[in-house]
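Structure, as structure tokens:
Residue numbers (the numbering used here): 303 to 896.
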């Protein structure tokens with residue numbers, strides 16, 4: 303996750319510094335030219351945090367951007383695809399495609415943990431597995447929006463280093479990389495059993511042996527066992543995910559659906575069906591294994607000793623819901639926990655304190671202490687890591703002691719983004735899940751809370767000690783802007799069509815999305831419950847499926863490049879209104895009731 307290899311010194315120095323004030327920023331960025339707007343204007347706070355996320359974390363506007371353009375791991379590829387594929391920023395998206403094309407991969411499909419290393423570059427040099435899965439999801443997301451099937455056939459022209467066994471990607475197509483990644487997940491990560499289980503088998507690479515040394519007991523130094531003190535298996539590198547791993551299993555489920563779409567776009571219906579069937583079986587196994595009925599939430603993993611580990615991971619629970627792994631009943635329990643309607647026995651933080659930004663600000667502020675609650679992003683975990691076990695080893699990878707949760711340590715609860723702090727990007731899964739299960743009005747409520755924080759700090763604070771993941775090396779934060787596009791305006795790219803399912807909160811009549819791009823055509827979209835307008839400067843391309851709130855007769859007004867108009871009569875019994883936009887040869891499509 304964090305670039306700890308390069309920034310360990312910076313981290314230690316940051317421990318000695320603090321924010322000068324809780325709400326010191328007085329000049330938040332001008333968002334008047336943002337891609338999102340709401341009508342009536344009285345509801346503008348609904349769009350404000352998403353415009354801010356796009357402007358500060360999502361676009362390539364270097365004058366205003368507060369985050370790096372890319373991360374060093376393939377796990378970032380999916381996040382970058384989520385924040386770029388829907389936009390008209392072709393240059394930025396092409397950079398991402400180049401990274402997918404050239405990223406190193408072993409012969410059996412493992413995507414390197416780091417851009418310059420098969421293994422994680424700090425600590426004991428472990429392996430991160432999320433990038434292998436997110437690589438596939440990234441490719442699928444790019445293809446859904448662009449329709450660029452030729453990208454799948456492009457061949458990697460590079461080899462990193464001299465060891466051809468560890469970078470066998472030269473000459474492989476993007477499709478072959480995706481297929482190899484899925485094979486590694488199915489076999490070495492044991493996904494074909496129904497769950498991702500990390501064992502020594504997952505440490506074996508191209509030549510059938512591991513590059514890990516053995517300790518005095520003859521055990522591999524590789525250590526993704528899920529036990530306390532073991533290495534992290536993914537982006538959340540201080541947390542001891544591993545063995546029967548809920549995080550990797552959720553990502554494999556998402557990758558299976560992504561690979562199904564890739565095969566569908568390639569025209570291989572049988573392969574698509576096989577991946578879809580695997581995903582359905584994995585969903586059932588995920589819920590059977592990781593759901594804790596007593597606590598009403600998902601656990602992190604079952605370690606190599608069979609112990610169920612549960613730090614109360616908010617991001618894992620909302621991500622599972624956002625991916626479609628949960629259901630109405632589980633979502634109700636998860637949000638009753640997060641929203642403070644019920645407390646889970648043993649949790650360090652409960653109630654509205656799960657969202658309260660004020661304690662974090664106050665801890666690092668020298669003056670202007672905040673006395674009122676300021677709801678923002680849920681803390682990453684509701685159980686302090688140091689309280690999960692009676693003493694060392696903790697369920698925490700400390701980077702050989704550099705980042706410690708022991709008494710007096712620099713990462714005790716409430717001081718580190720993986721232990722009582724937060725990372726901004728997790729709002730994407732929280733709000734996506736809310737839109738799906740608790741409704742658009744709930745998203746609107748949260749958007750107003752986020753708008754209040756924006757007015758406080760402009761989303762530009764940098765607390766000492768890595769307490770928050772907001773600015774700097776967190777380009778993934780830009781995915782929060784997708785909530786407005788996909789969960790509210792309801793615009794999403796499927797394998798075969800642009801789908802629009804408006805999900806407007808009460809009091810909102812229209813939502814506008816600018817800078818949209820589908821099949822290479824920049825579009826402005828205006829959605830309401832029963833109306834849709836798509837406007838472009840060149841003929842729209844691809845297929846359209848619009849799901850209005852009401853059944854009945856509709857009219858589509860089509861305007862071509864010369865201003866000529868024609869109408870089509872459409873009808874729905876509650877499903878989609880469908881239209882071949884390429885055949886329509888229109889630069890503007892207006893669909894309305896009646």
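Ideal Cβ positions, reconstructed from N, Cα and C, are used throughout, including at glycine.
Asked: Collapsed DSSP secondary structure at residue 453 in the structure displayed; Found: helix
Asked: Limits of the beta strand (DSSP E) - the one that residue 838 falls within; Found: 834-838
Asked: Coarse secondary structure for residue 645, derived from DSSP in three states; Found: coil
Asked: Which of helix, strand or coil DSSP assigns to residue 475; Found: strand
Asked: Span of the beta strand (DSSP E), counted from its first residue to its last, around residue 793; Found: 793-795
Asked: Burial state of residue 495 (16 or more Cβ within 10 Å); Found: exposed
Asked: Residues near residue 442 by beta carbon distance below 6 Å, same chain, minus five either side; Found: 560, 563 and 564
Asked: The segment 622-630 touching the segment 715-723, judged by at least three CB pairs closer than 8 Å; Found: no
Asked: Residue range of the unbroken alpha helix (DSSP H) whose run includes residue 776; Found: Note, residue 776: premise wrong, no alpha helix (DSSP H); not H, not E.
Asked: Backbone secondary structure at residue 722 - three-state DSSP; Found: strand
Asked: Segments of 4+ residues assigned as alpha helix (DSSP H) that fall wholly inside the segment 648-705; Found: 660-666
Asked: Straight-line gap, residue 703 to residue 883 (C-alpha atoms, nearest Å); Found: 58 Å
Asked: Backbone CA spacing between residue 686 and residue 663 [nearest angstrom]; Found: 18 Å
Asked: Selection from 608, 574 and 420 that minimises the alpha carbon distance to residue 530; Found: 608
Asked: Exposed unless 16 or more other CB atoms sit within 10 angstroms - verdict on residue 511; Found: exposed
Asked: Opening and closing residue of the alpha helix (DSSP H) in which residue 572 lies; Found: 571-592
Asked: Ranges of the beta strand (DSSP E) found wholly within the segment 318-406, counting only runs of at least 3; Found: 338-341
Asked: Where the beta strand (DSSP E) containing residue 444 begins and where it ends; Found: Run containing residue 444: none in the beta strand (DSSP E); it sits in the alpha helix (DSSP H), 432-448.
Asked: Close-in-space but distant-in-sequence residues of the same chain around residue 554 (CB under 8 Å, 5 per side omitted); Found: 435, 487, 491, 493, 498 and 584
Asked: Cβ distance (whole Å) where residue 469 is taken to contact residue 463 below 8 Å; Found: 6 Å
Asked: Simplified DSSP assignment, three categories, for residue 618; Found: helix
Asked: Terminal residues of the alpha helix (DSSP H) in which residue 638 lies; Found: 630-640
Asked: Close-in-space but distant-in-sequence residues of the same chain around residue 314 (CB under 7 Å, 5 per side omitted); Found: A caution first: residue 314 carries a pLDDT of 36, below 50, which makes its placement in the model too unreliable to give a value.
Asked: Nearest-angstrom Cα separation, counted from residue 831 out to residue 756; Found: 29 Å
Asked: Integer Cβ distance of residue 705 from residue 684, believed to fall under 8 Å; Found: 20 Å between Cβ atoms; not a contact.
Asked: Collapsed DSSP secondary structure at residue 890 in the structure displayed; Found: strand
Asked: Check whether residue 652 and residue 645 have beta carbons under 7 Å apart; Found: yes
Asked: Option nearest residue 471 by Cα separation, candidates 628, 412, 881 and 527; Found: 412
Asked: Rounded straight-line distance, which links the Cα of residue 781 to that of residue 552; Found: 18 Å
Asked: Identified DSSP bridge partners for residue 801; Found: 794 and 847
Asked: Backbone CA spacing between residue 424 and residue 540 [nearest angstrom]; Found: 12 Å
Asked: Separation of residue 768 from residue 962, as counted between CA atoms; Found: What is shown of the chain runs 303 to 896, which leaves residue 962 out entirely.
Asked: Three-state class that DSSP yields for residue 523 in the structure shown; Found: coil
Asked: Extent of the continuous alpha helix (DSSP H) to which residue 861 belongs; Found: Element bounds for residue 861: not the alpha helix (DSSP H) but the beta strand (DSSP E), 854-861.
Asked: Contained beta strand (DSSP E) runs [length at least 3] in the segment 532-573, N- to C-terminal order; Found: none
Asked: Boundaries (first-last residue) of the beta strand (DSSP E) holding residue 827; Found: 823-829
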